[in-house]
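Student: The end of the sequence shown is residue 220 by our numbering, with every number in the run present.
Mind looking over this structure? Questions follow.
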Amino acid sequence: MELINIDKLQCLCSDNKCNSKIAYILYPIEGYLDKWIDQAAEDYGTTIVVITGMDWENVFSPWPAKGVPAGSPDFKGESGEFLDKLQNDVIPKIESKIGCHATPERSLIGISMSGLFALWQWLLCDTFTNIASLSGSFWYDGFIDWFEKQQISDKSGQAFFLLGTQEPKSGIKAFQSVGTATEAIVSRLKNDGIKVKFMSVPGNHYSNPVPRLEAAFSALYSDQR
């Protein structure tokens, strides 16, 4: 593995380098996937880059909103700035470092708030061909209203969504809408002709992170298994 530091971000690249396919994972915990990344990259025939070190609640919030649960700091709504940093700083530096001489097929995998960000940016641009959103925070204030107003363009890639069965049963009221919100998103994308897969799995928001990542990679890279 190779660690590339870009400002405050830690970008861990797999030893397996595939110039035509790169999967970027926006992950909250540094070091958690170190033992998984190289084998997964080999198994799925792609370069994997795990990015950590973000100001998690703020760079993945698409607009300012009240903090959840009550009493938490408010979300600052810095997704636009973070997307610009990915496009114009992080991705060019990483892909130059690993020797990409043409635009690869990029996938973006997000978890929780970064799962929200993965879908949000996908509807605005084509930087990433495919996305996976694991327990995406689609309860976020105003997100479903925003999503329903979007004109969804043709996408050559696909989207994968996963949700734990216990997540809509959260004791925090704001989070309880995540089930119906995810269902609405998947249904709309399918109706608009987007290639989309959804998986419901046992557990709550934090259960079985690596098996859930494996499910995402199996869906996005099924031709490699």
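In this text, a Cβ means the ideal position worked out from N, Cα and C, and glycines have one as well.
1) Counting only runs of 4+ residues fully inside the region 72 to 160, write out the alpha helix (DSSP H) ranges in chain order.
2) With 16 as the cutoff for other CB atoms within 10 Å, does Thr42 come out buried or exposed?
3) State buried or exposed for Ala214, treating a residue as buried only when at least 16 other CB atoms are found within 10 Å of its CB.
4) Check for me: the beta strand (DSSP E) holding Asn0 runs from which residue to which?
5) Who are the Cβ neighbours of Ile167 in its own chain at under 6 Å, not counting the five residues just before and after it?
6) From Tyr264 to Asp69, what distance separates their C-alpha atoms?
7) Would you mind sorting Val45 into buried or exposed? The rule is 16 or more other CB atoms within 10 Å of its CB.
8) Let me make sure I understand the geometry here. Which of Lys80, Ile17, Cys95 has the alpha-carbon closest to that of Ser9?
9) Quick one: grab the DSSP three-state call for Phe70.
10) From the DSSP output, which residues share a beta bridge with Val173?
11) Determine the direct distance from the alpha carbon of Ala113 to that of Asp228, and round the result to whole angstroms.
12) Between Lys185, Tyr216, Arg207, Asn14, which lies nearest to Ile93 when the distance is taken from Cα to Cα?
13) Using the Cβ count rule (16 or more neighbours within 10 Å means buried), how would you classify Asn125?
14) Compute the Euclidean distance between the alpha carbons of Glu(-3) and Gln82, then round it to the nearest angstrom.
15) Just how far apart, CA to CA, sit Ile86 and Phe77?
Tutor: Taking the coordinates as given:
1) 74 to 80, 86 to 92, 108 to 117, 138 to 144
2) buried
3) buried
4) -3 to 1
5) Pro64
6) The displayed coordinates of the chain run from -4 to 220. Any statement about residue 264 would go beyond what the structure contains.
7) buried
8) Ile17
9) strand
10) Answer is none; Val173 lacks a bridge partner.
11) Residue 228 is absent from the structure shown; the chain starts at -4 and stops at 220.
12) Asn14
13) buried
14) 21 Å
15) 12 Å
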